[in-house]
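Q:
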Amino acid sequence: MPPLRLLRQLRSAIALVALALGIALQPALAQGWQNFAPRLEARVSVEWPEGLSSGYVPARVEFRSSRAEEVIVVARSWAGNDVHSGTTSVSGMLPPGGSTTLELPMLSGIVDDHGLNVMASVDGQDVYLHAYARNPRDDLRGILVVSERAEGAGWPADRAQALTGVVIPDRAPFRGLAPASAAALAWQIGLPLPELVHPATRAPGRPGALTGTFSVARISGALLPRRIESYTSLAALVIDGDAPPASADLGAALRWMHAGGTVVFAGADPERAARTVLADEILENRFELARFGEARVLRRGLGYLILAPGSPLVSQDQADAIYWVVERAARWVPSAPIRHTSFRPSTGIVTRPPVLALLTIVTLFTIIVGPLNFAYARKRRRPVLLLATIPLLSVSAAVLLLAYGTMRDGFGLRTATSSLVVLDQRTHELAAASAREVFAGLFSERTARPHAGTVVLPEVQRSDLERRARFRVDFGTNTEFSGDVIGTRSVRRLRTVEQRTSRLRLDLRPEGDGWRVTNGLETGLRDLVFRDAQGSLFTIDRLDGGGEGLLTPSGEERARDVLASLGVGDGVPLTDTLLPGTYVALVEGGALIDDLGLGGRSLAQEHGLIGVVDWSTAGGAVR
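Numbering-wise, our numbering puts 123 at position 134 of the sequence shown, and it's gapless, one number per residue.
1. Helix, strand or coil for I132, going by three-state DSSP, please let me know.
2. Between the Cα of L568 and those of L592, R53, R289, S66, spot the shortest distance and give me the residue it belongs to.
3. Contact defined as beta carbons within less than 8 Å: I believe V266 pairs with R415. What is the distance between those atoms, to the nearest angstrom?
4. Would you tell me roughly how many angstroms separate the C-alpha atoms of R489 and L212, rounded to the nearest one?
5. Tell me where the alpha helix (DSSP H) around S554 begins and ends.
6. Once you ignore the five residues that flank S645 on each side, which residues in its own chain have a CB closer than 7 Å to its CB?
7. Just grab the DSSP bridge partners of Y293 for me.
8. Kindly indicate which three-state DSSP category E59 falls into: helix, strand or coil?
9. By DSSP's criteria, L417 is part of a beta bridge. Which residues make up the other side?
10. Using CA atoms only, rank isn't needed, just tell me which of T541, F354, N467, L514 is closest to P380.
11. On the criterion of 16 or more Cβ atoms from any shown chain inside 10 Å, does V134 qualify as buried, or is it exposed?
12. Using alpha carbons as the reference points, say which of G210, A548, R492, E30 lies closest to D413.
13. Please report the distance separating the alpha-carbon of D238 from that of L483.
14. Quick check on N467: buried or exposed, where buried means 16 or more other Cβ atoms within 10 Å of its Cβ?
15. I'd like the span of the alpha helix (DSSP H) that includes N362, first residue to last.
16. CB R505 to CB L526, shorter than 8 Å?
17. Give the range of the beta strand (DSSP E) segment to which Y572 is assigned.
18. Is it a yes or a no for the stretch 292 to 309 touching the stretch 432 to 447, going by three-plus beta-carbon pairs under 8 Å?
19. Please confirm whether A308 and P259 have their CB atoms less than 8 Å apart.
20. Straight-line CA distance for F203 to A310?
21. Which partner residues does A31 have in the DSSP bridge list?
22. In chain order, what residues of the same chain lie with their CB nearer than 6 Å to the CB of A386, ignoring the 5 residues before and after it?
23. In angstroms with no decimal places, state the Cα-to-Cα distance between R515 and S554.
24. In this structure, how does DSSP classify V186 when only helix, strand and coil are distinguished?
25. Rank S219, D112, S88, H596 by C-alpha distance to the C-alpha of A619 and give the top, closest one.
26. Give me the residue from A279, E546, V480, A429 with the minimum Cα distance to G589.
27. Classify I356 as buried or exposed, calling it buried when 16 or more other Cβ atoms lie within 10 Å of its own Cβ.
28. From the DSSP output, in three-state form, read off D583 for me.
29. Put A383 into one of helix, strand or coil per three-state DSSP.
30. If distances are taken between C-alpha atoms only, which option among S110, L118, D112, L587 comes closest to L402?
31. How would you write the range of the beta strand (DSSP E) that I529 sits in, first residue to last?
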């Protein structure tokens, strides 16, 4: 029996025995304080859903010191094997006699095993502590429940226990064991969760589908990550509105929702809970996308906001809404691989392999080094010349091939990019998602340096499984992606999601039968279409950056055509229809998105923009 299969069977057997004994297995690493240097301690915890295969999983590393001097501390994770691996690192300063906490997003989806090392520089020497965190990679969809409610305070102990584990929606009701899953270690016996069914057919979900299996964990708000990267591994974040976390703890989670995530407010009055942390404009009725009983689904930037009465993951309406959003967003969510997203970069970075040119060079070499070379040596009646001409011609052919390949691949960077930007002029927020293909020639820049608020998700490709690929991410003061994130003379695919504040805007004011528009976006627009509060459409073919023009009345076909030309397909909020008080346009160039500091030559660009206007400055009103 192969060692890997034996190991998996042994692991499953241990899980079954543990469950039979009633042991409460924890789905995350949570160790106590450990001394790893004189008067220096560290504690590592990974409290997150298990079995996730994309995005980042956060590790929490706490340090405390009783030393009299400042200490540099580093946390470094690795995931990989002898073929391919990914490492992430973060560093900080530990004050004298004080404490500090580092948040380290770890790459998931590379291989099953994750390790984490803690390092400190003490008395001129580096000291290490190895903490191992296993994260079975089972392609599960993660749901994180956030609540300050303690066991016994409104939740039965078995209900609270059931909120940590793995659920499969092809069972009605859910049971507490899935021995076929490697994540059986994360299971706990408890009350069955509500059946997740397809809302249209009321049929149970198919096992093995993207939305088929969920891994659930529950934490308090104080443990929520402060970096937006960490949320990209989740399908949904569920907030208990009856025992909500502090507003300050939800900052990164709400930015993630705007950039493409899904946040659920549950409880007796979920809308009231949402209004404590979200602006009233975000909850306007025009952004409602669907209803499932008492549960409402609203568009929020590139993501979804669900308001669902009832305790987290208890009501059927809530379950239907979550299922519908996850299924709808399966090709769009930021954690999905590029091959599953609705849009991809345009082709054309690398042309087809130069088969004809290579065959020509090889044929000429064969003719020259063979018949012609022997004929020349025979004519000179000096066969010994072959000892010199054959190596010389071979070296010349090799140099020619190298020169041809170098000139063809070039020395710089070439990119193709597609993106979709949502600009909310009411809250001064910008969210963007992009897909890039990057080809790096010899001696080109291979380090990506995203801006604050930009998340880079490198894609592990099949070719990486056949060669040694090393991904390195440094989450320092300035985040850097290096190694094979951008490989030399190979096409790499990168996904980015970004969320930031922005004062960019289009200024609109009524004029005659149309609208006067001033472009404050610093980039040109094409096919701009705007819908006013009464539902009428207005358009202009072209608007230069910093320029102004007049939007004239248009028909519904123009809006549908421009929305379709974005190329994002179904499942993306705000692209199914043009809502009142919003506009859509094609953007000339990538000025609205982060270029990751790569530069290079762009071979193809496709950029779309959806904007939400501020009616207080546009002379309109929307209910």
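Virtual Cβ for every residue (Gly too), placed ideally from N, Cα, C. If you're wondering where the values come from, they're calculated on a predicted model, not measured in any experiment.
A: In terms of the structure at hand:
1. Taking the first residue of the sequence shown as 1, we reach residue 132 at position 143. Three-state DSSP puts I132 in a strand.
2. The residue given as residue 568 occupies position 579 in the sequence shown. Per the Cα distances, R289.
3. One-based indexing of the sequence shown puts residue 266 at position 277. One-based indexing of the sequence shown puts residue 415 at position 426. Your pair V266 and R415 does not check out as a contact, with CB atoms roughly 16 Å apart and the cut at 8 Å.
4. Counted from its first residue, the sequence shown places residue 489 at position 500. Counted from its first residue, the sequence shown places residue 212 at position 223. Straight-line Cα distance between these residues: approximately 23 Å.
5. The count along the sequence shown starts at 1 and reaches residue 554 at position 565. Counting along the chain, the alpha helix (DSSP H) containing S554 begins and ends at 545 to 554.
6. It is not possible to answer for residue 645, since the shown part of the chain is limited to -10 through 612.
7. Residue mapping note: residue 293 aligns to position 304 of the sequence shown, counting from 1. Listed as beta-bridge partners of Y293 by DSSP are T251, R288.
8. As a first step, residue 59 must be located in the sequence shown, where it is residue number 70. Coil, per DSSP.
9. Locating residue 417 in the sequence shown gives position 428, where the first residue counts as 1. Reading the sequence as shown, one finds His at residue 417 and not Leu. DSSP lists no partner for H417.
10. Walking along the sequence shown from the start, residue 380 turns up at place 391. Residue F354 holds the alpha-carbon nearest to the alpha-carbon of P380 among T541, F354, N467, L514.
11. Locating residue 134 in the sequence shown gives position 145, where the first residue counts as 1. Classified as buried, V134 has 16 or more neighbouring CB atoms from the shown chains inside 10 Å of its CB.
12. Along the sequence shown, one-based indexing puts residue 413 at 424. Here the closest residue by C-alpha is R492.
13. Counted from its first residue, the sequence shown places residue 238 at position 249. Counted from its first residue, the sequence shown places residue 483 at position 494. Straight-line Cα distance between these residues: approximately 29 Å.
14. The residue labelled residue 467 in the question sits at position 478 within the sequence shown. Under this definition N467 is an exposed residue.
15. In the sequence shown, the residue the question calls residue 362 occupies position 373. Annotation for N362: the continuous alpha helix (DSSP H) segment containing it runs 362 to 368.
16. Position 516 of the sequence shown, counting from 1, holds the residue named residue 505. Position 537 of the sequence shown, counting from 1, holds the residue named residue 526. No, the Cβ-Cβ distance between R505 and L526 is not below 8 Å.
17. What you label residue 572 is simply residue 583 of the sequence shown in a count that begins at 1. From DSSP, the beta strand (DSSP E) with Y572 extends over 571 to 576.
18. Segments in contact, no.
19. As a first step, residue 308 is located in the sequence shown; it is residue number 319 there, counting from the start. As a first step, residue 259 is located in the sequence shown; it is residue number 270 there, counting from the start. No, the Cβ-Cβ distance between A308 and P259 is not below 8 Å.
20. Your numbering for residue 203 matches position 214 in the sequence shown. Your numbering for residue 310 matches position 321 in the sequence shown. Each residue's Cα considered, the two are about 15 Å apart.
21. Within the sequence shown, numbered from 1, the residue matching residue 31 stands at position 42. Its beta-bridge partners are Q23, F52.
22. Looking up residue 386 in the sequence shown gives position 397. Excluding residues within five positions, the ones whose Cβ falls inside 6 Å are F354.
23. To locate residue 515, count along the sequence shown from 1; it is residue 526. To locate residue 554, count along the sequence shown from 1; it is residue 565. Cα-Cα distance, rounded: 12 Å.
24. To locate residue 186, count along the sequence shown from 1; it is residue 197. Any reading at V186 must be qualified, since the residue scores a pLDDT of 36, below 50, and its modelled position is unreliable; the value itself is stated next. It is a strand residue.
25. Absent from the model: residue 619. The displayed extent of the chain is -10 to 612, so no value can be given.
26. Residue numbering aside, residue 589 sits at position 600 when the sequence shown is read from its first letter. Comparing Cα-Cα distances from G589 to each of A279, E546, V480, A429, the minimum goes to A429.
27. Residue 356 sits at position 367 when you count from the first residue of the sequence shown. Answer is exposed; the Cβ neighbour count stays below 16.
28. Working through the sequence shown from its first residue, we reach residue 583 at position 594. Here D583 sits in coil by DSSP.
29. What you label residue 383 is simply residue 394 of the sequence shown in a count that begins at 1. Just to set this straight, residue 383 is Ser in the shown sequence, not Ala. Here S383 sits in helix by DSSP.
30. Counted from its first residue, the sequence shown places residue 402 at position 413. Closest option to L402, Cα to Cα, is L587.
31. By one-based count along the sequence shown, residue 529 stands at place 540. Looking at the DSSP string, the run of the beta strand (DSSP E) that includes I529 is 526 to 532.
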